[in-house]
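Enquirer: Just passing along the structure, written as structure tokens.
Okay, here's the thing in structure tokens:
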């Protein structure tokens with residue numbers, strides 16, 4: 449029998465088809481059952497992340513260091529007590545150079561007591577010795593090329609289409625690679641959930657049309673928030689871009705931060 | 009098929025093991041990949057929804073206006089118009105849901121000092137006071153109206 453179509457081969461093919469027909473629907477049902485675990489019931493679907501492009505900007509000229517933003521962030525996002533902050537305020541004090549040293553600048557002192565939450569402490573140097581001093585609010589820089597996203601081994605952190613860099617707490621294994629990778633120190637490991645956390649631009653607020661908590665409470669409009677895809681009339685973000693010379697932090701690292709700062713000194717890292 | 013079976017047995021075993029591992033992986037991948045994975049990129053699209061579902065703590069200035077339009081109007085006319093109600097009165101979502109006097113901060117002089125206490129790091133345009141020489145033992149509100157700072161009580 450050199451006939452290629454033997455009885456054995458036909459029977460074999462038919463049996464494979466029958467098994468396939470039986471297994472495929474069963475597998476689909478099983479898959480649906482397993483994936484119930486991943487779907488959160490009753491989730492609002494009205495928000496489309498592809499129709500927004502959120503941006504934050506910092507006008508350090510306007511920051512008075514009151515710390516309302518850091519406090520609001522902690523309360524809004526239930527950030528645990530202790531040295532954990534999604535946003536914080538650094539105080540820079542640049543002292544006058546020593547007499548006769550022929551230097552332009554003296555020492556650079558940076559401090560951040562309690563993340564600046566309760567306002568600035570007393571100045572460590574007397575007023576006469578301060579050459580220049582200012583506050584810099586810090587938060588996630590929302591990098592275009594985020595090192596934290598690149599290093600995550602499980603794909604738990606990602607650059608959302610609306611411009612927020614987010615963490616999926618169900619995927620995060622708490623390895624801490626991203627915390628080391630972030631050159632701006634914007635991430636921390638939550639001691640309660642054991643997952644990495646960072647500024648989400650108050651994702652639960654911006655998706656329902658509110659401002660992030662820090663922007664909401666800022667008394668001097670040092671924090672500017674807006675949507676590049678849906679600018680409003682007299683958009684504060686567009687005005688900020690028009691009226692300021694902006695810069696980003698650590699541009700030499702090539703992370704391309706999307707948070708722009710105005711009014712910061714060269715000492716700010 | 010014939011040729012495959014003619015493989016040296018040690019190679020065949022390794023080959024079957026590899027096939028087994030790959031098959032197990034494919035089956036696991038089929039069942040365990042969340043449905044929204046790849047919706048926007050190499051991550052779970054559902055995570056965005058979950059992050060957006062978190063409850064509010066700060067209600068926002070517009071929520072205060074609904075019940076306190078008079079205070080809101082006063083505030084918006086004067087120098088303190090850029091301030092948020094919740095900056096001085098504390099987070100207000102609980103108060104919005106259940107308006108009671110107990111679940112909102114009455115606010116006091118600490119809220120004033122937070123921004124107006126003199127500090128050399130503060131910008132020059134910010135109005136600042138040195139408590140020791142300015143504060144005379146009375147409340148800030150005896151001389152200043154927080155909702156209308158340019159008015160005299």
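Protein chains in written order, with the working numbering: chain A, 449 to 717; chain B, 9 to 161.
Just so it is clear, CB atoms sit at the ideal spot from N, CA and C, and this is done for glycine as well.
Determine, using beta-carbon pairs with one atom in the segment 525-535 of chain A and one in the segment 498-511 of chain A, whether at least three such pairs fall under 8 Å.
Expert: Counting Cβ pairs under 8 Å, fewer than three are found: no touch.
Enquirer: Between the beta-carbon of residue 674 of chain A and the beta-carbon of residue 660 of chain A, is there less than 8 Å?
Expert: By 1-based counting over the first chain, the position of residue 674 of chain A is 226. By 1-based counting over the first chain, the position of residue 660 of chain A is 212. No, the pair does not count as a contact, with Cβ atoms beyond the cut-off.
Enquirer: What residues are listed by DSSP as bridge partners for residue 113 of chain B?
Expert: Here residue 113 of chain B refers to the residue found at position 105 when the second chain is read from its first residue. Paired residue(s): none; residue 113 of chain B is not in a bridge.
Enquirer: DSSP state of residue 693 of chain A, grouped into three classes?
Expert: For the purposes of this step, residue 693 of chain A is identified with residue 245 of the first chain, where counting begins at 1. Three-state DSSP puts residue 693 of chain A in coil, outside helix and strand.
Enquirer: Residues of chain A with a CB under 7 Å from the CB of residue 123 of chain B: which are they?
Expert: On the second chain, residue 123 of chain B is found 115 positions in, with the first residue counted as 1. Within 7 Å Cβ-Cβ: 512, 514 and 667.
Enquirer: Considering only residues of the same chain and omitting the five flanking positions on each side of residue 569 of chain A, which have a CB-CB separation below 6 Å?
Expert: Residue mapping note: residue 569 of chain A aligns to position 121 of the first chain, counting from 1. Closer than 6 Å at Cβ, skipping near neighbours: 561.
Enquirer: For residue 71 of chain B, count neighbouring Cβ atoms within 10 angstroms of its own Cβ and tell me buried if that reaches 16, exposed if not.
Expert: Position 63 of the second chain, counting from 1, holds the residue named residue 71 of chain B. Residue 71 of chain B comes out buried.
Enquirer: Assign residue 449 of chain A to one of two classes, buried (16 or more other C-beta atoms within 10 Å of its C-beta) or exposed (fewer than that).
Expert: To locate residue 449 of chain A, count along the first chain from 1; it is residue 1. Confidence in residue 449 of chain A is poor, its pLDDT being 49 and thus under 50, which makes the residue's placement too unreliable to answer from.
Enquirer: Go ahead and pull the three-state DSSP assignment for residue 651 of chain A.
Expert: For the purposes of this step, residue 651 of chain A is taken as the residue at position 203 of the first chain. Of the three classes helix, strand and coil, the one that applies to residue 651 of chain A here is helix, per DSSP.
Enquirer: Using C-beta distances below 8 Å, list every residue in its chain close to residue 680 of chain A, excluding the 5 sequence neighbours before and after it, in chain order.
Expert: Position 232 of the first chain, counted from the start, is the residue given in the question as residue 680 of chain A. Contacts found: 674.
Enquirer: In terms of residues, what are the limits of the beta strand (DSSP E) holding residue 15 of chain B?
Expert: Against the second chain, residue 15 of chain B aligns to sequence position 7. Careful: residue 15 of chain B lies outside any beta strand (DSSP E) and carries neither H nor E.
Enquirer: Considering only the alpha carbon of each residue, which of A/543, A/592 and A/558 lies closest to residue 578 of chain A?
Expert: By 1-based counting over the first chain, the position of residue 578 of chain A is 130. Ranking the options by Cα distance to residue 578 of chain A, first place goes to A/543.
Enquirer: Would you report the Cα separation of residue 663 of chain A and residue 671 of chain A, rounded to the nearest angstrom?
Expert: As a position in the first chain, residue 663 of chain A is number 215, starting the count at 1. As a position in the first chain, residue 671 of chain A is number 223, starting the count at 1. About 5 Å.
Enquirer: Is the beta carbon of residue 512 of chain A sitting closer than 8 Å to the one on residue 648 of chain A?
Expert: Residue 512 of chain A sits at position 64 when you count from the first residue of the first chain. Residue 648 of chain A sits at position 200 when you count from the first residue of the first chain. No, they are not a contact pair.
Enquirer: Spell out whether any CB of chain A is found under 8 Å from the CB atom of residue 18 of chain B.
Expert: Stepping through the second chain from its first residue, residue 18 of chain B is reached at position 10. Not an interface residue.
Enquirer: Quick check on residue 531 of chain A: buried or exposed, where buried means 16 or more other Cβ atoms within 10 Å of its Cβ?
Expert: Residue mapping note: residue 531 of chain A aligns to position 83 of the first chain, counting from 1. Residue 531 of chain A comes out exposed.
Enquirer: Looking at residue 129 of chain B and residue 541 of chain A, is the spacing between their C-beta atoms short of 8 Å?
Expert: The residue labelled residue 541 of chain A in the question sits at position 93 within the first chain. The residue labelled residue 129 of chain B in the question sits at position 121 within the second chain. Contact flag set, yes.
Enquirer: Between which two residues does the beta strand (DSSP E) holding residue 736 of chain A run?
Expert: Because chain A here runs from 449 to 717, residue 736 of chain A falls outside it and cannot be looked at.
Enquirer: By DSSP's criteria, residue 674 of chain A is part of a beta bridge. Which residues make up the other side?
Expert: In the first chain, counting from the first residue as 1, residue 674 of chain A sits at position 226. Note: residue 674 of chain A sits in a beta bridge opposite A/503.
Enquirer: Identify the contact partners of residue 130 of chain B in chain A, using a Cβ-Cβ distance below 7 Å as the criterion.
Expert: For the purposes of this step, residue 130 of chain B is taken as the residue at position 122 of the second chain. Here the neighbours are 512 and 513.
Enquirer: Give me the subset of the segment 558-588 of chain A whose CB atoms are less than 7 Å from a CB atom of chain B, sorted by chain position.
Expert: Result list: 567, 568, 571, 575, 578, 581, 582 and 583.
Enquirer: Quick check on the burial criterion: 16 or more other C-beta atoms within 10 angstroms. Buried or exposed for residue 27 of chain B?
Expert: Indexing the second chain from 1 puts residue 27 of chain B at position 19. Looking at its Cβ environment, which holds fewer than 16 other Cβ atoms inside 10 Å, residue 27 of chain B is exposed.
Enquirer: What residue from A/599, A/694 and A/665 has the CA that sits closest to residue 620 of chain A's CA?
Expert: Position 172 of the first chain holds residue 620 of chain A. For residue 620 of chain A, the nearest C-alpha among the options comes from A/599.
Enquirer: Just to confirm my understanding: we take residue 62 of chain B, look at its own chain, exclude 5 residues before and 5 after, and list those with CB closer than 8 Å. What are they?
Expert: Residue numbering aside, residue 62 of chain B sits at position 54 when the second chain is read from its first letter. Hits under 8 Å: none found.
Enquirer: Could you check how far apart the C-beta atoms of residue 534 of chain A and residue 646 of chain A are, in whole angstroms? I think they sit under 8 Å.
Expert: Residue numbering aside, residue 534 of chain A sits at position 86 when the first chain is read from its first letter. Residue numbering aside, residue 646 of chain A sits at position 198 when the first chain is read from its first letter. Between residue 646 of chain A and residue 534 of chain A the Cβ distance is about 6 Å, and since that is below 8 Å, they are a contact.
Enquirer: Tell me, please, whether the segment 686-694 of chain A touches the segment 87-96 of chain B by the rule of three or more beta-carbon pairs shorter than 8 Å.
Expert: Contact fails: fewer than three Cβ-Cβ distances are below 8 Å.
Enquirer: Let me make sure I understand the geometry here. Which of A/665, A/705, A/701 and A/676 has the alpha-carbon closest to that of residue 514 of chain A?
Expert: On the first chain, residue 514 of chain A is found 66 positions in, with the first residue counted as 1. The shortest Cα separation from residue 514 of chain A among A/665, A/705, A/701 and A/676 belongs to A/665.
Enquirer: Assign residue 41 of chain B to one of three DSSP states: helix, strand, or coil.
Expert: On the second chain, residue 41 of chain B is found 33 positions in, with the first residue counted as 1. Looking at residue 41 of chain B - three-state DSSP - the assignment turns out to be coil, as it is neither helix nor strand.
Enquirer: When Cβ atoms are compared, which residues of the segment 616-649 of chain A fall closer than 9 Å to chain B?
Expert: Residues 616, 617, 618, 619 and 648.
Enquirer: Please give me, in chain order, every unbroken run of the alpha helix (DSSP H) with length at least 4 that falls completely inside the segment 48-123 of chain B.
Expert: You should have 54-60, 69-75, 77-85, 93-97 and 101-105.
Enquirer: When Cβ atoms are compared, which residues of the segment 648-664 of chain A fall closer than 8 Å to chain B?
Expert: Here the close residues are 648, 651, 652, 653, 655, 656, 658, 659, 661 and 664.
Enquirer: Start and end of the alpha helix (DSSP H) containing residue 461 of chain A?
Expert: Start at 1 with the first residue of the first chain, and residue 461 of chain A comes out as number 13. Unbroken alpha helix (DSSP H) run through residue 461 of chain A: 455-483.
Enquirer: Whose Cβ in chain B lies nearer than 8 Å to the Cβ of residue 482 of chain A?
Expert: Counting from 1 along the first chain, the entry for residue 482 of chain A is found at position 34. Per Cβ cutoff of 8 Å: 39 and 40.
Enquirer: May I ask which residues mark the beginning and end of the beta strand (DSSP E) holding residue 581 of chain A?
Expert: In the first chain, the residue the question calls residue 581 of chain A occupies position 133. Where residue 581 of chain A is concerned, the enclosing beta strand (DSSP E) stretches over 578-586.
Enquirer: For residue 536 of chain A, count neighbouring Cβ atoms within 10 angstroms of its own Cβ and tell me buried if that reaches 16, exposed if not.
Expert: On the first chain, position 88 is the one that residue 536 of chain A refers to. Buried.
Enquirer: What did DSSP end up calling residue 629 of chain A once you bin it into helix, strand or coil?
Expert: Indexing the first chain from 1 puts residue 629 of chain A at position 181. Helix at residue 629 of chain A.
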